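Working notes, structure below.
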Amino acid sequence: MNTSVRRTLKTAAAASLTAGLLAAGAAAASAHVTVDPSATAEGGFTKLTFSVPNESETAKTNRLEVKLPTDTPLTSVSVKPMDGWKAQVVATTLPKPVEVAGATVTKAPTSVIWTADAAHQIGQNEFQTFTLSVGRLPAAGTTLMLPAAQGYTDGTTVNWADAAEADHGHASATSSANSSAAASSAPAEAEEHRPAPSFVVTAAETAEGSATAAPDAAPAGPATQAAASNGSQAAGWIGLVAGLLGLAAGATALARTRAVKK
Numbered sequence: 001m002n003t004s005v006r007r008t009l010k011t012a013a014a015a016s017l018t019a020g021l022l023a024a025g026a027a028a029a030s031a032h033v034t035v036d037p038s039a040t041a042e043g044g045f046t047k048l049t050f051s052v053p054n055e056s057e058t059a060k061t062n063r064l065e066v067k068l069p070t071d072t073p074l075t076s077v078s079v080k081p082m083d084g085w086k087a088q089v090v091a092t093t094l095p096k097p098v099e100v101a102g103a104t105v106t107k108a109p110t111s112v113i114w115t116a117d118a119a120h121q122i123g124q125n126e127f128q129t130f131t132l133s134v135g136r137l138p139a140a141g142t143t144l145m146l147p148a149a150q151g152y153t154d155g156t157t158v159n160w161a162d163a164a165e166a167d168h169g170h171a172s173a174t175s176s177a178n179s180s181a182a183a184s185s186a187p188a189e190a191e192e193h194r195p196a197p198s199f200v201v202t203a204a205e206t207a208e209g210s211a212t213a214a215p216d217a218a219p220a221g222p223a224t225q226a227a228a229s230n231g232s233q234a235a236g237w238i239g240l241v242a243g244l245l246g247l248a249a250g251a252t253a254l255a256r257t258r259a260v261k262k
């Protein structure tokens with residue numbers, strides 16, 4: 001193999017490696033805290049599964065706080081237990097009373113906080129899922145935003161709280177340490193757009209087995225059945241009379257034929 005061919009192969013290999021690293025970096029930067037609801041129907045209950053990736057190259061994720069809505073409160077909130085993680089449902093007084101299913105609600109769960117022990121923190125290139133069961137869901141068309149605060153072992157907190165249509169310049173990364181320490185320890189791409197986990201509530205489902213269109217044939221009621229029965233009996237009697245008349249006419253014709261022959 002000549003020198004020019006070897007150089008060409010080395011250049012191609014280097015380009016491929018660089019492209020792979022860039023793709024991996026883009027994938028890591030695009031990872032978000034997301035929520036996956038098992039159901040979205042108005043007035044119902046749902047299981048919310050939050051997917052939380054670790055985005056820091058130097059620290060582990062050891063805390064997650066999910067904030068719940070106060071204008072459309074979820075009056076029922078329960079947590080699925082996780083090994084090595086302690087969960088706390090925080091209930092507070094709402095900013096103003098809210099009507100939920102005909103009842104006035106003044107206090108409701110407003111956040112859920114998970115904290116990890118040292119053995120179960122989320123490390124580099126890892127993610128974890130956190131599950132809630134909540135209800136009842138608000139009116140159809142409501143966008144249920146569930147801002148999440150992801151805490152790291154280096155004291156950094158990244159807030160996933162931007163609206164979906166917010167500009168990328170409105171980042172929500174904060175730190176409990178001083179500003180210089182936060183700048184040096186914050187995960188990569190700390191200034192990028194960080195959308196809050198959210199989903200849209202859909203229309204309530206119809207009852208099982210119900211139909212929106214008219215059925216092909218309505219079931220017969222007692223009066224309809226009686227009328228059908230009477231009609232059937234009348235038809236039978238008419239048929240019998242017609243048969244007897246036909247028989248009589250035949251007998252008469254036969255008798256006349258015999259009389260003529262004689």
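Numbering (my numbering), first residue to last: 1 to 262. Cβ atoms here follow ideal geometry from the backbone N, Cα and C, with glycine treated the same way. Predicted model, so just to flag it, every value in this text is computed and none were measured.
Annotated three-state conformation of Ala-163 is coil, per DSSP. Between Val-90 and Ser-76, the gap from beta carbon to beta carbon reaches 8 Å or more. Approximately 7 Å separates the beta-carbon atoms of Ala-148 and Ala-196; this is inside 8 Å, confirming the contact. No Cβ-Cβ contact shorter than 8 Å links Ser-51 with Ser-133.
For Ala-140, the secondary structure class from DSSP, reduced to helix, strand or coil, is coil. Contact annotation: Phe-130 and Leu-64 have beta-carbon atoms nearer than 8 Å.
About 4 Å separates the CB atoms of Val-33 and Trp-160; that is less than 8 Å, so the two are in contact.
The C-beta of Gln-124 has fewer than 16 other C-beta atoms within 10 Å across all chains shown, which makes the residue exposed. Here Ala-116 carries a strand assignment [DSSP, helix/strand/coil]. Taking 8 Å as the upper bound for CB-CB distance, Leu-68 and Pro-109 are in contact here, some 6 Å apart. Of the residues assessed, Pro-37 falls on the buried side of the cut-off, its CB having 16 or more other CB atoms within 10 angstroms. According to the DSSP assignment, Pro-53 belongs to the beta strand (DSSP E) that extends over 46 to 53. Under DSSP, Val-79 forms a beta bridge with Leu-132. A direct Cα-Cα distance of roughly 16 Å separates Thr-49 from Ala-31. With a 10 Å radius around the Cβ and a threshold of 16 neighbouring Cβ atoms, Thr-61 comes out buried. Per DSSP, the unbroken beta strand (DSSP E) holding Gly-151 starts and ends at 148 to 152. The residues Leu-94, Val-98, Val-100, Val-105 and Ala-108, in chain order, have a CB closer than 7 Å to that of Pro-73 in the same chain once the five nearest residues on each side in sequence are set aside. When the five nearest sequence neighbours on each side are left out, the beta carbons in the same chain lying within less than 8 Å of the beta carbon of Glu-205 are those of Ala-41 and Gly-44, in order along the chain. Shown here, Lys-60 sits in coil according to DSSP, grouped into three states, outside any helix or strand. Contact annotation: Asp-162 and His-193 have beta-carbon atoms nearer than 8 Å. Between His-120 and Asp-83, the C-beta spacing is below 8 Å.
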